[in-house]
Amino acid sequence: MDYIKKDLGAYNLHIIKTDLYKTITVKIFFREKALKENITKRNFLSRIMMLGSNDYKSKVELTKAEQDLYAVNISGTNRRIGNYLDTGLSLKVLHDKYTEPENFEKSLDLLNSLIFNPKVTNNAFDEVDFDTVYEEYKADLNSLVEDKLTYALIRGLEKTDDKSVISYRGIGYLEDLEKITKENLYEYYKEVIKHDFVDIFVLGDVDEEYITNVIREKFKINTFKKQPINALVTPLKSSRPKIVKEKVISEQDNLVITLNLNNLTDYERNYPLSLYNAILGGGSESLLFSEVREKNSLSYYISSTPNKLDNLIIIRGGITKDRSMDAVNIIKKILKDLENGKIDDDRIEKAKEYYTSAIDDIIESPFQIIESYYMIELLGVDDIETKRKKMLKVTKDEIIALAKKVKINTIYILEGSDDNGKN
Amino acid sequence: MIMEKIELKNVDKEIYREVLDNGLEIIIIPNSKSSKKKNYYFNYGTYYGALINEFVPKGKNKMTSFPSGIAHFLEHKMFESKDDIKPFDFYAKTGSYVNAFTSYKSTCYVVTGNKKMKENLEYLLTFVNNPYFTDENVKKEQGIISEEAAMNDDNPDYLAYKTINKNLYKLSPYNTPILGTISSIKAITKNDLYNCYNTFYRPSNMFLVVGGAVSPDEIIKIATDTLKRFNLEKDKEIKVKHYKEPVKVVKEYEEITRDVQVDKLAIGFKMEKAKFPLKNKVILDLYLNMIISLCFGASSNFREMIRKRHLANKSGYYFQDADNILTFMVEADSLNTPVYLKELENYLANLKIEEEDLERIKKVWISSEVIKTDYADSLVDSVVDDLINYRKIINNYVELIKGMNITTMNQVLKSLDFSNKAIVKVTNENNPLQNN
Chain P
8 MDYIKKDLGA YNLHIIKTDL YKTITVKIFF REKALKENIT KRNFLSRIMM LGSNDYKSKV
68 ELTKAEQDLY AVNISGTNRR IGNYLDTGLS LKVLHDKYTE PENFEKSLDL LNSLIFNPKV
128 TNNAFDEVDF DTVYEEYKAD LNSLVEDKLT YALIRGLEKT DDKSVISYRG IGYLEDLEKI
188 TKENLYEYYK EVIKHDFVDI FVLGDVDEEY ITNVIREKFK INTFKKQPIN ALVTPLKSSR
248 PKIVKEKVIS EQDNLVITLN LNNLTDYERN YPLSLYNAIL GGGSESLLFS EVREKNSLSY
308 YISSTPNKLD NLIIIRGGIT KDRSMDAVNI IKKILKDLEN GKIDDDRIEK AKEYYTSAID
368 DIIESPFQII ESYYMIELLG VDDIETKRKK MLKVTKDEII ALAKKVKINT IYILEGSDDN
428 GKN
Chain U
122 MIMEKIELKN VDKEIYREVL DNGLEIIIIP NSKSSKKKNY YFNYGTYYGA LINEFVPKGK
182 NKMTSFPSGI AHFLEHKMFE SKDDIKPFDF YAKTGSYVNA FTSYKSTCYV VTGNKKMKEN
242 LEYLLTFVNN PYFTDENVKK EQGIISEEAA MNDDNPDYLA YKTINKNLYK LSPYNTPILG
302 TISSIKAITK NDLYNCYNTF YRPSNMFLVV GGAVSPDEII KIATDTLKRF NLEKDKEIKV
362 KHYKEPVKVV KEYEEITRDV QVDKLAIGFK MEKAKFPLKN KVILDLYLNM IISLCFGASS
422 NFREMIRKRH LANKSGYYFQ DADNILTFMV EADSLNTPVY LKELENYLAN LKIEEEDLER
482 IKKVWISSEV IKTDYADSLV DSVVDDLINY RKIINNYVEL IKGMNITTMN QVLKSLDFSN
542 KAIVKVTNEN NPLQNN
C-alpha cells in the first residue's frame, strides 16, 4: 500500500495505491467548527444533496444513473469529531478493468454533480425536494423517543452538561429544523463549499498522476485557508456525581453513566485509555459484561465506549426494570477496583491482543483504511505501525494511573414504567 | 485426501469442499495467494432454528414438542463451559471475535480473527461440541434472555413485526418470535436443552464454512483431528414435524396503542407457493428479489410517489418463505395511513416491469457478485445463506442472473396474489404527525 499526500491548494488529496480491491473508493471530507445551530442544517443539506441535482432531477433518475454506472455506490454521513462537524461523501465503484473505459470518470462526474450542481433556482433549493426532506426529517426527530437506547444516551449526555459540545445531538433539533428555509439552506451550502476544510481520499489500483489530474479538473473547490481548530474538547469540570432519573413507558431501564477523564496526556489518551476501556467494558470479556450480565443477569447489553476527543467514557446498558441501582453499585465497585490497581495481568494481555487485532483488521475494508489515514491527518496521531509498538509497551502502572483520572460525572437512568398503553 | 474444487463462475474465485466421514460438510474459501489480508472467518452452523419445535429426539421414538425460543436459548447456553475459561475469554485472549446467531432456519457460531487460526478453529469445534447445562446456569440465562426480549418489546417496529407474524400464521412457528415468549423462555429446562442439542448438533446436520487467510488442507486436518475426540458418527435423518400452513391469514386487522409518533404498519400478503410457475427455488428467489428491487427499490416510481406525497417515512418490502407459503411483507412508518394503504393496494394490483429496467438491475447484481469476491466475510455469508436456503452451494450466480428474462418475469408477476392479507398498526391515539 503506497500513500501519497498532495497539497492542491484548497484541499489535500490523499492517494492510497493498493491492489487489495477490485473497486476504487473516493471519500471527500468537509469539516467545520462544531456549532450547535449548524447540526440540523448540515444534516438537512446532506439529505437533500443525496436526492438529486440539476443533472439528475429526481431520486429515481439519480438511482438509475448510478445503476447504469455498474452500481456506483454513493453515500453521505455526518458526525461530530470532538470540536468538528465532519461530513463524508463517498463513492465506491468497480475499477474500469472490470466494467468499461471511463466508467470511473463518469462516476466522479456524478458525485461532482451532487456536490457542486445542486437543484437550486433563485438562490433557493428546489421546493419539492425541500418539503420531502423536511417531512422525513421531522418524523425522524419526532420518533427519537421511540428508540430507548439512543434516547437514553442523548438525555444522559444532556444531563451531563447541556452547554458542552459533548451533548450536541448528532441527529439535530426540531426547533432548528423549523428555522430552516430553502433560502437559508442554500446560504449555508455556499458557506460549506467556500469555508469548510476539505480532504479528498482516493483508494484503489490507480495511477498517481492520472488521479491528481482528474481530481484537480473535477473538484474545483476554492476554500479559504483557515487556521485549524483544536479538535480536543475541554474536559468537563468534576464535581459530585449527579444521579438523574426520568420515566418512560418501557419494559426495561436504560442506564447511561458518563465518566470524566481529567488531565489526560496525549499519550494516555491514545494508549492507556484504549486498554483501560477494553478492560472495563470493551467487549464480551470485559468487567461490565462479566459482572453485570453474566454474574448477576441484570442485563442483556452493557458496554463502555471511550470518546477520547470528548475526554469522556460512556457506559450504556439495558437493565432489568427497577434494578438499575444494583447495576450502578456493581459498576462503582468495578471502577474503584480498577483505581486501586486490582487488574489481572491477563486482562491487560487480552486488551492488547484485542487492539492489535483491530489494527490488522483495518485493511479488510477500504473505508477503514481511509479512516485511519484521515485520523492521522486530522489529529496527528501515530501511524499504524507506531501505534502497534507503543500499545504493546503500555504498562499496568500506566493503566492504573489513568484509572485514577476517571471520575463519574453523571448517572442517568431512563426508567421503564408500565403505565397505560399495554395490550 | 482429495478435496472437491468448485469454481465460482465468472468471478475468478475457487472454493473447496469436503465432507468428513462423520457427515460434516466443510467449505473453504481462501484468499488469493498474493493477498496481504490476515483475517479469517469461521461459521460453524447447524440446520436448526426457531422453526423446529417438534421432532423426534435422538434415541427416542416419539414426536415431542418443545417450548418456543429453545433454539435461541440453546445458542446462549453453548457459551457456558465446565472449565474456568469460557468461549468469550478464550477468544479475547487472541483478540478475536466470537458470536452466535439464531434465525428461524439455523443457528450459527462465528469467529473472526487474524491470529492463532489453528487454536481458534480447534476451540470453536470443541466448545460447540461440549454442552454444559445445569439447573443453575439455565435459570441465570432466563434472566438475561428475558431482558433481551424486554429490549425488543420496547421497540415498536419489532412489536409490529412480531404481531404481524402471529396474525399471519396459524401453524408455522413463524408465528412466534425467535426468542420465544417470556413464559416459554421460563418453561425451558436443562433436559429440553440436552434433547435439542443431542438431536441437531450432529456433524451430519451441520456445516463449517471458512474464508480468508487460510489453507484448505490445513483446515480439513484441524477439523478432522479435533472432531475425532468426540467420536461422532453419521446420523440417520432427523424426523421433524412439518406444518401445512393454511393460506388464509389468522387475523386480518389489529391495532395496538403505544407512545409512537408515526404509525408503524406491518402488512403481510400470504400466497400459495405452488401457484408459481418456477419450481427451482434459487431462480424463483432471484425473480422475487428482482421484483423487490425494481418495484420497491430506490429507482421505483412507487417510492418516489410516497416520498413526494409524504405518505411514509421509511418503508421496507421483502418476501418471507414459509414452506408451502410465500408471504410478501411490508413494514412502514406511515405518515398518512389510509392513503398509503390505498396507494399500496392500487400499485400491487398493477405491478409492471419494463425489460430495460430488468436489464439494468442485472448489471447491478453482476457487479455486486464481482465486488463480493473482495470480501472474504461476504463470501462466507453468501455460501452460508446458500446452504441454509438451498442446502447446496450456488456457484453460477452470474450465469443465472444473465439468464433472467422479461417473459419469465411477467409469469412470476402474474402469479402474485395480494388478495389475502393481514395488517397490524401500532398507533398513538392522538398521533401528531399524521398529515391527513
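Sequences listed follow chains P and U, in order.
8 is the number of the first residue of the first sequence in the numbering used here; add one for each residue after it.
122 is the number of the first residue of the second sequence in the numbering used here; add one for each residue after it.
Positions of the beta carbon are idealized from the N, C-alpha and C atoms, including for glycine.
1. Can you pull the chain U neighbours of R300 of chain P, defined as C-beta to C-beta under 8 Å?
2. Starting from the Cα of L305 of chain P, find the closest Cα among P:I338, P:S281, P:N277 and give me that residue.
3. Identify whether Y374 of chain U lies in helix, strand or coil by the three-state DSSP scheme.
4. Starting from E44 of chain P, trace the alpha helix (DSSP H) in both directions and tell me its first and last residue.
5. Please return the same chain residues whose Cβ sits closer than 8 Å to the Cβ of L148 of chain P, not counting the five positions on each side in sequence.
6. Could you give the DSSP three-state label for L537 of chain U: helix, strand or coil?
7. Is the segment 279 to 291 of chain U close to the segment 335 to 354 of chain U, with three or more CB pairs under 8 Å?
8. Please confirm whether H431 of chain U has its beta-carbon closer than 8 Å to some beta-carbon of chain P.
9. Cα separation between K214 of chain U and E356 of chain P?
10. Between the segment 251 to 274 of chain P and chain U, which residues of the former have a C-beta closer than 7 Å to a C-beta of the latter?
11. Any C-beta of chain P sitting closer than 8 Å to the C-beta of S202 of chain U?
12. Buried or exposed: T448 of chain U, going by 16 or more other Cβ atoms within 10 Å of its Cβ?
13. Enumerated in chain order, which unbroken segments of the alpha helix (DSSP H) with a length of 4 residues or greater are wholly contained in the segment 502 to 535 of chain U?
14. Within its chain, find whatever has a CB closer than 6 Å to the CB of K429 of chain P; leave out the 5 residues flanking it on each side and keep chain order.
15. Return helix, strand or coil for D154 of chain P, following the three-state DSSP convention.
16. Given that a residue counts as buried once 16 or more other Cβ atoms are within 10 Å of its Cβ, and exposed if not, what is A395 of chain U?
17. Comparing C-alpha positions only, which one of P:L239, P:D353, P:D404, P:L20 sits nearest to R87 of chain P?
18. Measuring alpha carbon to alpha carbon, tell me which of U:E257, U:K365, U:N288, U:G144 ends up nearest K546 of chain U.
19. Based on the DSSP output, what are the partners of Y225 of chain U in its beta bridges?
20. Could you tell me which of P:D344, P:I326, P:T265 sits nearest to P313 of chain P, measuring between CA atoms?
21. Express the C-alpha separation of Y496 of chain U and N152 of chain U in angstroms, rounding to a whole number.
22. Anything in the segment 304 to 335 of chain P with a Cβ closer than 9 Å to a Cβ of chain U? List those residues in chain order, please.
23. Is D498 of chain U helix, strand or coil when you go by DSSP?
24. Using a beta-carbon distance below 8 Å, is V135 of chain P in contact with chain U?
25. Which first and last residues belong to the beta strand (DSSP E) in which I437 of chain U is found?
26. According to the neighbour-count rule (16 or more other Cβ atoms, all chains shown, within 10 Å of its Cβ), is L399 of chain P buried or exposed?
27. Does any residue of chain U bring its CB to less than 8 Å from the CB of D75 of chain P?
28. Return the chain-ordered list of same chain residues with a C-beta closer than 6 Å to the C-beta of F137 of chain P, the five sequence neighbours on each side being excluded.
29. At what residue ranges does the segment 290 to 319 of chain P contain a whole run of the beta strand (DSSP E), taking only runs of 3 or more?
30. Along the chain, where does the beta strand (DSSP E) containing Q74 of chain P start, and where does it finish?
31. Under three-state DSSP, which class holds Y295 of chain U?
32. Does G437 of chain U come within less than 8 Å of chain P when only Cβ atoms are used?
33. For Y560 of chain U, which of helix, strand or coil comes out of DSSP?
34. Leaving out five residues on either side along the sequence, give the residues of the same chain with a beta carbon under 6 Å from the beta carbon of K159 of chain U.
35. Does the distance from the CB of E536 of chain U to the CB of F390 of chain U come in under 8 Å?
36. Within 8 Å of any Cβ in chain P, is that where the Cβ of N557 of chain U sits?
So, from the data block:
1. Taking the first residue of the first sequence as 1, we reach residue 300 of chain P at position 293. Within 8 Å Cβ-Cβ: I265.
2. In the first sequence, counting from the first residue as 1, residue 305 of chain P sits at position 298. Measuring from the Cα of L305 of chain P, the nearest candidate turns out to be P:I338.
3. Looking up residue 374 of chain U in the second sequence gives position 253. Here Y374 of chain U sits in strand by DSSP.
4. By 1-based counting over the first sequence, the position of residue 44 of chain P is 37. Start and end: 43 to 56.
5. In the first sequence, residue 148 of chain P corresponds to position 141, counting from 1. The residues are I178, G179, Y180, L181, L184.
6. Indexing the second sequence from 1 puts residue 537 of chain U at position 416. In this structure, L537 of chain U counts as coil in the three-state DSSP scheme.
7. no
8. In the second sequence, residue 431 of chain U corresponds to position 310, counting from 1. Yes, because at least one Cβ of chain P sits closer than 8 Å to the Cβ of H431 of chain U.
9. The residue labelled residue 214 of chain U in the question sits at position 93 within the second sequence. The residue labelled residue 356 of chain P in the question sits at position 349 within the first sequence. Near 7 Å, if we compare the C-alpha coordinates of E356 of chain P and K214 of chain U.
10. I256, S257, E258, Q259
11. If you number the second sequence from 1, residue 202 of chain U lands on position 81. No, no contact with chain P.
12. Counting from 1 along the second sequence, the entry for residue 448 of chain U is found at position 327. Buried is the call here.
13. 518 to 523
14. If you number the first sequence from 1, residue 429 of chain P lands on position 422. The pLDDT assigned to K429 of chain P is 37, lower than 50, so where the model puts this residue is not dependable; a value taken from the coordinates is nonetheless given after this. Here the set comprises nothing.
15. Translated into positions along the first sequence, residue 154 of chain P becomes position 147. If DSSP states are grouped into helix, strand and coil, D154 of chain P belongs with coil.
16. Residue 395 of chain U sits at position 274 when you count from the first residue of the second sequence. Exposed.
17. Here the question's residue 87 of chain P lines up with position 80 in the first sequence. Minimum Cα distance to R87 of chain P is reached at P:L239.
18. Within the second sequence, residue 546 of chain U is the residue found at index 425, counting from 1. Among U:E257, U:K365, U:N288, U:G144, the Cα nearest to that of K546 of chain U is on U:N288.
19. One-based indexing of the second sequence puts residue 225 of chain U at position 104. Note: Y225 of chain U sits in no beta bridge, so no partner.
20. Translated into the one-based positions of the first sequence, residue 313 of chain P becomes position 306. The shortest C-alpha separation from P313 of chain P is found at P:T265.
21. Within the second sequence, the letter at position 31 stands for residue 152 of chain U. Within the second sequence, the letter at position 375 stands for residue 496 of chain U. Whole-angstrom Cα-Cα distance: 9 Å.
22. S304, L305, S306, Y307, Y308, G325, I326, T327, K328
23. Working through the second sequence from its first residue, we reach residue 498 of chain U at position 377. Residue state, collapsed to three classes: helix.
24. The residue you call residue 135 of chain P lines up with position 128 of the first sequence. Answer yes: the Cβ-Cβ gap between V135 of chain P and chain U drops below 8 Å somewhere.
25. Numbered from its first residue, the second sequence carries residue 437 of chain U at position 316. Looking at the sequence provided, one finds Gly at residue 437 of chain U rather than Ile. Counting along the chain, the beta strand (DSSP E) containing G437 of chain U begins and ends at 433 to 443.
26. Taking the first residue of the first sequence as position 1, residue 399 of chain P is located at position 392. It counts as exposed.
27. Taking the first sequence and counting its residues from 1, one reaches residue 75 of chain P at position 68. Closer than 8 Å: yes.
28. Indexing the first sequence from 1 puts residue 137 of chain P at position 130. Closer than 6 Å at the Cβ level, and outside the excluded window around F137 of chain P, lie K189.
29. 306 to 314
30. The sequence position of residue 74 of chain P within the first sequence is 67, counting from 1. Taken as a continuous stretch (DSSP letters only), Q74 of chain P belongs to no beta strand (DSSP E), being part of the alpha helix (DSSP H) at 66 to 75.
31. The residue you call residue 295 of chain U lines up with position 174 of the second sequence. Three-state DSSP puts Y295 of chain U in a helix.
32. Taking the second sequence and counting its residues from 1, the one referred to as residue 437 of chain U is at position 316. Taking Cβ atoms only, chain P never reaches closer than 8 Å to G437 of chain U, which makes this a no.
33. Nothing can be reported for residue 560 of chain U, as the shown portion of chain U is limited to 122 through 557.
34. Walking along the second sequence from the start, residue 159 of chain U turns up at place 38. Excluding residues within five positions, the ones whose Cβ falls inside 6 Å are N235, A334.
35. Stepping through the second sequence from its first residue, residue 536 of chain U is reached at position 415. Stepping through the second sequence from its first residue, residue 390 of chain U is reached at position 269. Here residue 536 of chain U is Ser; the residue named in the question, Glu, does not match the sequence. Not closer than 8 Å, so no.
36. Here residue 557 of chain U refers to the residue found at position 436 of the second sequence. In this predicted model, N557 of chain U has a pLDDT of only 48, less than 50, meaning its place in the structure is not dependable enough to derive any value.
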